Amino acid sequence: MTRTRKSAKAAGQRFESDIADYLATHIDDRIERRRLNGINDRGDLTGLKVHGLRTVVECKNYGGRFEVGTWLGETETARHNDHADIALVAAKRRGTTHPGNQVVFMTLDDLIALITGRRPGDPQ
19 MTRTRKSAKA
29 AGQRFESDIA
39 DYLATHIDDR
49 IERRRLNGIN
59 DRGDLTGLKV
69 HGLRTVVECK
79 NYGGRFEVGT
89 WLGETETARH
99 NDHADIALVA
109 AKRRGTTHPG
119 NQVVFMTLDD
129 LIALITGRRP
139 GDPQ
């Protein structure tokens, strides 16, 4: 069966909800799927904070090859739009639907902020 725009959108929304629910269960019950923001994309999930730093999550349920560069660019735009400190991509792996088995992509600056609580280059 070929994926239509409608079925792809539904799969994407389901993936976003699954990731949000999983994070809410294991980290903070205030994490939830964000409603669409149009051209001012602020990420797919809201409510995630690490060391008190706002964190933007973009969810990608894509059947082809991972488009890491493109996705990180989109996530960085969402980070700026949301005035967040950390941005990451949660991407669907083929062959598994369990949210804990999905992959995460981020820049090294985001990883440093995640670990230390401070983004390189930000004022102290």
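Just remember that this note's numbering sits 18 ahead of the position in the sequence shown, which is counted from 1. From the three backbone atoms N, C-alpha and C, an ideal C-beta is built for every residue, glycine too. It should be emphasised that the depicted structure is a prediction, and the values quoted were computed from it without experimental measurement.
- Counting along the chain, no beta strand (DSSP E) covers Glu-34; the unbroken alpha helix (DSSP H) around it starts and ends at 23-44.
- Taking C-beta atoms under 8 Å as the contact rule, Ala-102 and Val-74 qualify, at a distance of about 4 Å.
- A Cβ-Cβ distance of about 7 Å is found for the pair Met-124 and Ala-105, placing them in contact under the 8 Å criterion.
- Excluding residues up to 5 positions away in sequence, Gly-61, Asp-62, Trp-89, Glu-92, Thr-93, Ala-96 and Val-107 lie with their Cβ nearer than 7 Å to the Cβ of Glu-76 in the same chain.
- Within its own chain, the residues whose Cβ lies closer than 6 Å to the Cβ of Val-122, once the five positions on either side in sequence are excluded, are Leu-106 and Ala-108, listed in chain order.
- In the same chain as Lys-67, and ignoring 5 residues on each side of it, the C-beta atoms closer than 8 Å to its own belong to Asp-46 and Thr-73, in chain order.
- DSSP places Glu-92 in the helix class (H, G or I) of the three-state scheme.
- DSSP places Thr-115 in no alpha helix (DSSP H); its state is neither H nor E.
- Close CB contacts of Asp-128 within its chain, under the 7 Å cut and outside five residues either way in sequence, are with Ile-104, Ala-105 and Leu-106 (chain order).
- Bounds of the alpha helix (DSSP H) holding Leu-132 are 126-134.
- Pairing Thr-43 with Arg-52 gives a Cβ-Cβ distance that is not under 8 Å.
- Residue His-69 holds the alpha-carbon nearest to the alpha-carbon of Gly-135 among Asn-79, His-69, Gly-87 and Thr-115.
- In the structure shown, Arg-48 falls within a coil segment according to DSSP collapsed to helix, strand and coil.
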